[in-house]
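In the numbering used here, the protein residues as written are 105 to 345. From the three backbone atoms N, C-alpha and C, an ideal C-beta is built for every residue, glycine too. Since we're looking at a predicted model, the values are computed, not measured.
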Ligand code: SF4
């Protein structure tokens, strides 16, 4: 079955996913671990940083993690922590009371049920309090180098703009993207889409003229150029010269 339509553009969601993955791999090279903008040196630290990253920027998380990791090196240390002390340390990341509860709950479960080790399978990860598929996939792909495609707000938004899926539910988006790609590309694609969503396809002000996906993105907003016949068409539709 042909997957390319007119002008060599992919005409199926799977074809667009493959081309998106290939183009973004050139734009943002590296493994999922290398592409992750959080600071961490082991899966426990990554799990903590991922919990802290909810509703804030990676920069804010990175302000607090060095001292936090130095103080609570293992889940056992965090499980025994004074909640008020943790709250004070993570305050700059916002929602610090709820995040402290999550961290202490996670730390207790890890130390009591997992011998202080972060599990490296989906079932084990989602059994931890407050850990859903998104966080679990971050830990799998970034922390362990295993297949896992985290679907966050950027991945959801770009998947819809690029018509990689018709789904709105993150679990279905994950399944659609994963089905189009080899397992070793799942994590890197997610991390690349997140970077692209932060730097180029910014919510409500996408920089389509700078986007390496613009020639096949159904949502591209490009300057209109005059065709020789006098008809007007978008820059993406103009033949390369
Ligand atoms: S062409 Fe525009 S809308 Fe499409 S992915 Fe790129 S920046 Fe986003």
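Exercise. Heavy atom of the ligand SF4 less than 7 Å from the Cβ of residue 266, yes or no?
Worked result: yes
For this session: Under 8 Å Cβ to Cβ from residue 229, same chain only, skipping five residues before and after it: list those, please.
Result: 222, 223, 235, 239, 240, 243 and 244
For this session: Note down, in chain order, each residue of its chain lying with its Cβ closer than 7 Å to the Cβ of residue 307, except the 5 sequence neighbours on either side.
Result: 261
For this session: Confirm, please, whether the CB-CB distance from residue 152 to residue 172 is below 8 Å.
Result: yes
For this session: Output the distance between the C-alpha atoms of residue 146 and residue 250, rounded to the nearest integer angstrom.
Result: 14 Å
For this session: Thinking residue 154 and residue 268 are a contact (beta carbons under 8 Å), I'd like their distance in whole angstroms, please.
Result: At roughly 24 Å, the Cβ-Cβ gap does not stay under 8 Å, so residue 154 and residue 268 are not in contact.
For this session: Could you name the residues of the same chain whose beta carbon sits closer than 6 Å to that of residue 291, not counting the 5 residues immediately before and after it, in chain order?
Result: 136, 245 and 252
For this session: Report the partner residues of residue 243 according to the DSSP bridge assignment.
Result: Residue 243 pairs with nothing; no bridge assigned.
Problem set entry | Residues near residue 345 by beta carbon distance below 6 Å, same chain, minus five either side | With a pLDDT of only 27 at residue 345, under 50, the local geometry of the prediction cannot be trusted, and the value read off the model is given with reservation. Once the five neighbours on either side are set aside, residue 345 has no close Cβ partner at all.
Problem set entry | Reduced DSSP secondary structure (H/G/I, E/B, other) of residue 196 | helix
Exercise. Just to confirm, does residue 317 get its C-beta within under 7 Å of one of the non-hydrogen atoms of the ligand SF4?
Worked result: yes
Exercise. CB of residue 324 to nearest heavy atom of the ligand SF4: below 7 Å?
Worked result: yes
Problem set entry | Distance between residue 139 and residue 114 (C-alpha atoms, nearest Å) | 26 Å
Problem set entry | Proximity test, residue 327 beta-carbon vs the ligand SF4 heavy atom, cut-off 7 Å | no
For this session: Report the three-state DSSP secondary structure of residue 213 (helix, strand or coil).
Result: helix
For this session: Please list, in chain order, all residues of the same chain as residue 211 whose beta carbon is under 7 Å from its beta carbon, the five residues on each side excluded.
Result: 179, 182 and 183
Problem set entry | Close beta carbons around residue 197, own chain, < 7 Å, minus the five adjacent residues each side | 156, 160, 164, 165, 168 and 203
Exercise. Can you find a heavy atom of the ligand SF4 that lies under 7 Å from the Cβ of residue 304?
Worked result: yes
For this session: In angstroms with no decimal places, state the Cα-to-Cα distance between residue 324 and residue 185.
Result: 50 Å
Exercise. What is the C-beta distance between residue 322 and residue 294, in whole angstroms, given that I count them as a contact (C-beta under 8 Å)?
Worked result: Actually they are not in contact, since the Cβ atoms of residue 322 and residue 294 sit about 21 Å apart, beyond 8 Å.
Exercise. Residue 257 to residue 304, Cα distance in whole Å?
Worked result: 15 Å
Exercise. Are residue 150 and residue 209 closer than 8 Å when you measure CB to CB?
Worked result: no
Problem set entry | Buried or exposed (CB count within 10 angstroms, at least 16 for buried), residue 105 | Reliability of the predicted coordinates at residue 105 is poor, the pLDDT of 41 falling under 50, and the value obtained from them is presented with this limitation in mind. Under this definition residue 105 is an exposed residue.
Problem set entry | Alpha carbon of residue 297 to alpha carbon of residue 175, nearest angstrom | 33 Å
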